[in-house]
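Peer 1:
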Amino acid sequence: MITAASATIAAESGESFHAPGPSIFDLPGIAGSEVTKPMVQLLLAAILVFGFFYLASRKRALVPGKLQFAGEGAYGFVRNGVGRDIIGSHDFQKFVPYLVTIFFFILVNNLFATIPFIQFPTFSRAGMAYALAGLSWVIYNAVGIAKHGPIGYLKLQSVPSGVSPVMYPLLVPLEFFSNILVRPVTLALRLFCNMFAGHILLVLFATGGFHLILEYGGIGYVAGPLALVLAVVVSFLEILIQFLQAYVFVLLNAMYIQGALADEH
């Protein structure tokens, strides 16, 4: 990954500045192995999420301590604000563990992009975002099939209600394509593209700022610090986006589950 330090070295050695591109996401394996940094981050995020909720619930008490209070607040945010409000009060509880897990797993992996010495968004690797979206696709389709049966679920997702049968040849393929095939793609792309673009923008401001200061003098002493300030601003904006992307991902999961359980499309 291109860093401010590498930009400084390049400038001091007389190398021309190259704007960061997709190559900054091509990380080598750790110690010559096939294991890459994003793989380790996935494992670390899983351990952190499990460890937090385990410790928060290990010694439950009627009057919660600080850790239990934080855990209950985190759990309640997803349970009430997403599960209950979107899926509905009758069916939501069985899906809460999945929704809570997926929200905090994505959030921690996103926040890795702004944590010093890590500074890499795990889901800026498309394959990892698609794997997570694929899991979601399996879950909400399995829920729908379990309730309505394969044929009933396919009809629910492909045949819009209240539409004249004359329109079926046009609408049924579109509904099938949109509800069955496209959803996991858009779910993954939304997460991947935001993490990918935000990281490139941050690296561009950071490396470009140092290059302007070291190479151009004069105007560079003005534009360079400005670029570095923008890098800090973008970092804070990225934290907001990281949270929103985790929330949107779990919100859409809840909406898809609710749609799969509904008796009418």
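Positions 81 to 345 (the numbering used here) are the ones given, in order, by the sequence shown.
Glycine included, C-beta positions come from ideal geometry on N, C-alpha and C.
All values reported here derive from a predicted model rather than from experimental measurement.
1. Taking 8 Å as the cut-off, decide whether the C-beta atoms of S244 and L282 are in contact.
2. Pair every Cβ in the stretch 332 to 342 with every Cβ in the stretch 271 to 279, then say whether three or more of these pairs are closer than 8 Å.
3. Please list, in chain order, all residues of the same chain as T88 whose beta carbon is under 6 Å from its beta carbon, the five residues on each side excluded.
4. My understanding is that A193 touches F183, with C-beta atoms under 8 Å, so please give their C-beta distance in whole angstroms.
5. Taking the alpha helix (DSSP H) that M335 belongs to, which residues open and close that run?
6. Is G133 helix, strand or coil by DSSP?
7. Thinking just about the alpha-carbon of each residue, which of V120, F132, A125 and P196 is nearest to the one in V312?
8. For K227, which residues of its own chain have a beta-carbon under 8 Å away from its beta-carbon, when the five flanking residues on both sides are left out?
9. Our contact map puts G300 next to L292 with C-beta atoms below 8 Å; I'd like the distance itself, whole angstroms only.
10. Go ahead and label Q325 buried or exposed: buried means 16 or more other beta carbons lie within 10 angstroms of its beta carbon, across all protein chains shown.
Peer 2: So, to answer that:
1. Cβ distance not < 8 Å, so S244 and L282 don't count as in contact.
2. Output reads no: the stretch 271 to 279 does not touch the stretch 332 to 342.
3. Confidence at T88 is low in this model, with a pLDDT of 46, below 50, so its placement is unreliable and no value can be given for it.
4. Not confirmed; about 17 Å, so no contact.
5. From DSSP, the alpha helix (DSSP H) with M335 extends over G300 to L341.
6. Inspection of the sequence shows that residue 133 is occupied by Phe rather than by Gly. Secondary structure at F133: helix, using DSSP grouped into helix, strand and coil.
7. When C-alpha distances from V312 are compared across V120, F132, A125 and P196, the shortest belongs to P196.
8. Hits under 8 Å: Y233, A340 and L341.
9. So it is a contact: roughly 4 Å between Cβ atoms.
10. Its Cβ being crowded by 16 or more others within 10 Å, Q325 is buried.
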